[in-house]
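Q:
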Amino acid sequence: MRKKLFLSLILSFLIFINSNAQNSNLEEMMYANGKIYTVAGVLLIILLGLIFYLIRIDKKVSKIEKEIKNI
Amino acid sequence: MKNKLYKIVAIILLIYSAGMGLLIPLSPGVKSVFPAKIQEAGKFEIEIIGYNTHFQQNQKTNQIWLRNDSNYISATKIRVENEFQVFATFNIPNAFFECKNHLADLIINNDYDGSFAFRKTIILNPDDRKGTAILNEIPNLKRIIKNKDAQFISFPNREILYESIRNLYFHVPMWFAMIIILLVSMIYSILYLRTNKIKYDWMAKASANVGLLMGCLGMLTGMLWAQFAWGSWWSGDVKQNMAAVALMIYFAYFILRNSLQDDQQRAKISAVYNIFAFVAAIPLMFIIPKMVDSLHPGNGGNPAFNKYDLNGLMRLVFYPAILGWTFLGFWIAEIIYRLEKIKNRLEI
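Just so you know, the protein sequences line up as chains A and B, in that order. Just so we're aligned: the first sequence equals residues 1 to 71 in our numbering. Just so we're aligned: the second sequence equals residues 72 to 419 in our numbering.
1) Taking 8 Å as the threshold (beta carbon to beta carbon), is residue 357 of chain B in contact with chain A?
2) State the Cα-Cα distance for the pair residue 253 of chain B and residue 62 of chain A, rounded to the nearest angstrom.
3) Where does residue 335 of chain B fall in DSSP's three states?
4) Cβ of residue 238 of chain B less than 8 Å from any chain A Cβ?
5) Please check the pair residue 38 of chain A and residue 296 of chain B, which I expect to be a contact at CB under 8 Å, by giving their CB distance rounded to whole angstroms.
6) Are there 16 or more other CB atoms within 10 angstroms of the CB of residue 345 of chain B, so buried, or fewer, so exposed?
7) Is residue 229 of chain B helix, strand or coil when you go by DSSP?
8) Does residue 267 of chain B come out as helix, strand or coil in the three-state DSSP assignment?
9) Can you list, in chain order, the stretches of the alpha helix (DSSP H) that have 4 or more residues and sit fully within the segment 306-352 of chain B?
10) Quick one: does residue 161 of chain B have its CB under 8 Å from some CB of chain A?
11) Could you tell me whether the Cβ atoms of residue 225 of chain B and residue 119 of chain B are closer together than 8 Å?
12) Is the segment 48-60 of chain A close to the segment 352-361 of chain B, with three or more CB pairs under 8 Å?
13) Which runs of the beta strand (DSSP E) at least 3 residues long sit entirely within the segment 148-183 of chain B? Give them in chain order.
14) Residues in its own chain within less than 6 Å of residue 147 of chain B by CB, not counting five upstream and five downstream?
15) By how many angstroms is the C-alpha of residue 233 of chain B removed from the C-alpha of residue 27 of chain A?
16) Nearest to residue 259 of chain B by CA position, among B:368, B:383 and B:339, is which residue?
17) Looking only at C-alpha atoms, which of B:242, B:279 and B:257 sits nearest to residue 47 of chain A?
18) Whose C-alpha, out of B:145, B:386 and B:138, is nearest the C-alpha of residue 169 of chain B?
19) In whole angstroms, what separates the C-alpha of residue 12 of chain A from that of residue 42 of chain A?
20) Which residue wins for smallest C-alpha separation from residue 145 of chain B, given the options B:86, B:110 and B:117?
21) Would you kindly work out how many angstroms separate the C-alpha atoms of residue 36 of chain A and residue 240 of chain B, rounded to a whole number?
22) Here's the rule I'm using: 16 or more other beta-carbon atoms within 10 Å means buried, otherwise exposed. How should residue 30 of chain A be labelled?
23) In the DSSP assignment, find the unbroken beta strand (DSSP E) run with residue 192 of chain B in it and report its ends.
24) Spatial neighbours of residue 394 of chain B within its chain, please: CB distance less than 6 Å, with the 5 preceding and 5 following residues excluded, ordered by chain position.
25) For the alpha helix (DSSP H) holding residue 56 of chain A, just list the boundary residues, first then last.
26) In the segment 27-40 of chain A, which residues sit with their C-beta less than 9 Å from some C-beta in chain B, listed in chain order?
27) Got a sec: is the Cβ-Cβ distance from residue 57 of chain A to anything in chain B below 8 Å?
28) Comparing C-alpha positions only, which one of B:220, B:313, B:403 and B:415 sits nearest to residue 51 of chain A?
29) Please confirm whether residue 99 of chain B and residue 228 of chain B have their CB atoms less than 8 Å apart.
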């Protein structure tokens with residue numbers, strides 16, 4: 001459930017970027033100040049990716065913890 | 072914490088590379104020039120907006136030229152408005168329009184910023200009057216430029232890239248880390264086939280998993296960078312396509328693993344597949360893009376980053392970034408491996 005929520009969040013974020021990138025402010029922002037926001041975007045992607053991965057590992061650990069309780 | 076040392080090194084290197092990569096300023100450049108078109112000979116005042124420049128601080132040493140082919144015209148009057156804004160007056164002779172090019176470069180020099188240029192910025196003549204005039208009386212042509220480089224530490228200011236040159240410390244290390252981690256994964260697979268110890272299989276799986284994560288991050292960050300440097304998310308560049316294929320191959324590795332039930336059988340088959348996957352990924356990502364045209368630097372006749380653009384300072388940040396991300400990858404892989412081990416010990 002939480003995973004689906006997270007994925008849909010990322011998806012909607014990407015769609016938001018894409019729909020905006022065609023003509024409006026977000027694209028302008030990305031080109032502003034010598035394209036520094038491109039770097040910010042890259043950092044954001046890396047951060048989101050690592051968080052996503054961390055959540056996956058966390059889930060695996062919780063699963064094992066549950067099993068230990070059963071034993 | 073197990074194997075503390077390399078994790079501490081990873082943290083230090085990542086903080087160092089991200090900090091340096093984001094904080095060091097770009098070297099001075101020109102943002103815009105007005106007017107961008109000059110129709111006829113005469114006296115013109117040109118407004119120049121700089122980026123990271125220090126015009127006011129170095130009012131006495133500012134020098135500004137227009138260049139066309141090898142003909143230089145020096146500004147007769149320079150009026151500094153503030154650090155980033157300067158007005159230069161040029162007396163443009165007729166002969167200047169009769170040079171080969173119809174696009175003049177703007178060159179600026181002062182003691183602190185060093186010299187920098189805005190190439191092909193001013194359109195000289197709308198008519199197609201091509202000639203080979205060489206100016207004879209060029210004022211101040213022989214003036215010696217004292218400082219070529221900026222007097223403060225800075226990253227190169229490149230056209231098109233500008234600040235996004237900093238992505239070199241975040242996007243590129245993803246791929247380097249990926250390939251190193253996948254190499255280690257393949258070595259574990261070989262070790263498994265030689266020794267038949269199941270722990271090597273877990274290690275191979277854990278590293279391949281992290282390698283794939285790095286690859287996906289590299290792909291996504293690359294797409295974002297491509298949109299704002301090349302103009303589209305996916306331009307069908309060879310290296311992009313081939314990297315995508317390589318990632319598919321590794322996705323298939325995990326599908327293969329999940330489809331097999333028996334432990335030993337799964338370990339054996341996936342170990343063999345892993346070796347093939349790595350051997351296939353290398354030519355896809357590093358050899359084929361070098362043979363055909365590619366937008367990436369260092370491929371298909373494009374100059375590599377390290378040939379012209381990567382100065383010593385960038386190397387000082389770039390190489391630690393690679394090491395840092397690689398160690399971070401190994402850290403994550405180690406955790407996944409330990410999880411796998413615990414799972415097995417408990418026989419879940």
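All C-beta atoms in this analysis are idealised placements derived from N, C-alpha and C, irrespective of residue type, glycine included.
A: In short:
1) Locating residue 357 of chain B in the second sequence gives position 286, where the first residue counts as 1. For residue 357 of chain B, the answer is no, since every Cβ of chain A falls outside 8 Å of its Cβ.
2) On the second sequence, residue 253 of chain B is found 182 positions in, with the first residue counted as 1. On the first sequence, residue 62 of chain A is found 62 positions in, with the first residue counted as 1. Spanning the two alpha carbons is a distance of roughly 27 Å.
3) Translated into the one-based positions of the second sequence, residue 335 of chain B becomes position 264. Here residue 335 of chain B carries a helix assignment [DSSP, helix/strand/coil].
4) Here residue 238 of chain B is taken as the residue at index 167 of the second sequence, counted from 1. Yes, residue 238 of chain B counts as interfacial toward chain A.
5) Sequence index remark: in the first sequence, residue 38 of chain A carries index 38 (1-based). Sequence index remark: in the second sequence, residue 296 of chain B carries index 225 (1-based). That pair is a contact at about 6 Å.
6) The residue labelled residue 345 of chain B in the question sits at position 274 within the second sequence. Answer is buried; the Cβ neighbour count reaches 16.
7) Against the second sequence, residue 229 of chain B aligns to sequence position 158. In the structure shown, the three-state DSSP call for residue 229 of chain B is coil.
8) The count along the second sequence starts at 1 and reaches residue 267 of chain B at position 196. Residue state, collapsed to three classes: coil.
9) Complete alpha helix (DSSP H) runs here, min 4: 309-330.
10) For the purposes of this step, residue 161 of chain B is taken as the residue at position 90 of the second sequence. By this cut-off, residue 161 of chain B is not an interface position.
11) Within the second sequence, numbered from 1, the residue matching residue 225 of chain B stands at position 154. Within the second sequence, numbered from 1, the residue matching residue 119 of chain B stands at position 48. It is not a contact, given that the beta carbons lie outside the stated cut-off.
12) no
13) 148-153, 156-163 and 174-181
14) Stepping through the second sequence from its first residue, residue 147 of chain B is reached at position 76. 160 and 162.
15) As a first step, residue 27 of chain A must be located in the first sequence, where it is residue number 27. As a first step, residue 233 of chain B must be located in the second sequence, where it is residue number 162. Cα to Cα, the separation comes out at about 16 Å.
16) The residue given as residue 259 of chain B occupies position 188 in the second sequence. For the residues B:368, B:383 and B:339, the minimum Cα distance to residue 259 of chain B belongs to B:339.
17) Taking the first residue of the first sequence as 1, we reach residue 47 of chain A at position 47. The candidate whose alpha carbon is nearest that of residue 47 of chain A is B:242.
18) Counted from its first residue, the second sequence places residue 169 of chain B at position 98. The shortest C-alpha separation from residue 169 of chain B is found at B:138.
19) In the first sequence, the residue the question calls residue 12 of chain A occupies position 12. In the first sequence, the residue the question calls residue 42 of chain A occupies position 42. Distance between the alpha carbons of residue 12 of chain A and residue 42 of chain A is about 17 Å.
20) For the purposes of this step, residue 145 of chain B is identified with residue 74 of the second sequence, where counting begins at 1. The residue with the shortest Cα to Cα distance from residue 145 of chain B is B:117.
21) Locating residue 36 of chain A in the first sequence gives position 36, where the first residue counts as 1. Locating residue 240 of chain B in the second sequence gives position 169, where the first residue counts as 1. C-alpha separation (whole angstroms): 13 Å.
22) Here residue 30 of chain A is taken as the residue at index 30 of the first sequence, counted from 1. Buried, since its Cβ has 16 or more Cβ neighbours within 10 Å.
23) As a first step, residue 192 of chain B is located in the second sequence; it is residue number 121 there, counting from the start. Looking at the DSSP string, the run of the beta strand (DSSP E) that includes residue 192 of chain B is 185-194.
24) Here residue 394 of chain B refers to the residue found at position 323 of the second sequence. Answer for residue 394 of chain B: 84, listed in chain order.
25) For this step, residue 56 of chain A is matched to residue 56 along the first sequence. Looking at the DSSP string, the run of the alpha helix (DSSP H) that includes residue 56 of chain A is 25-70.
26) Residues of the segment 27-40 of chain A whose Cβ lies closer than 9 Å to any Cβ of chain B, in chain order: 27, 30, 31, 33, 34, 35, 36, 37, 38 and 39.
27) If you number the first sequence from 1, residue 57 of chain A lands on position 57. By this cut-off, residue 57 of chain A is an interface position.
28) As a first step, residue 51 of chain A must be located in the first sequence, where it is residue number 51. Minimum Cα distance to residue 51 of chain A is reached at B:403.
29) Position 28 of the second sequence holds residue 99 of chain B. Position 157 of the second sequence holds residue 228 of chain B. A contact, by the Cβ cut-off of 8 Å.
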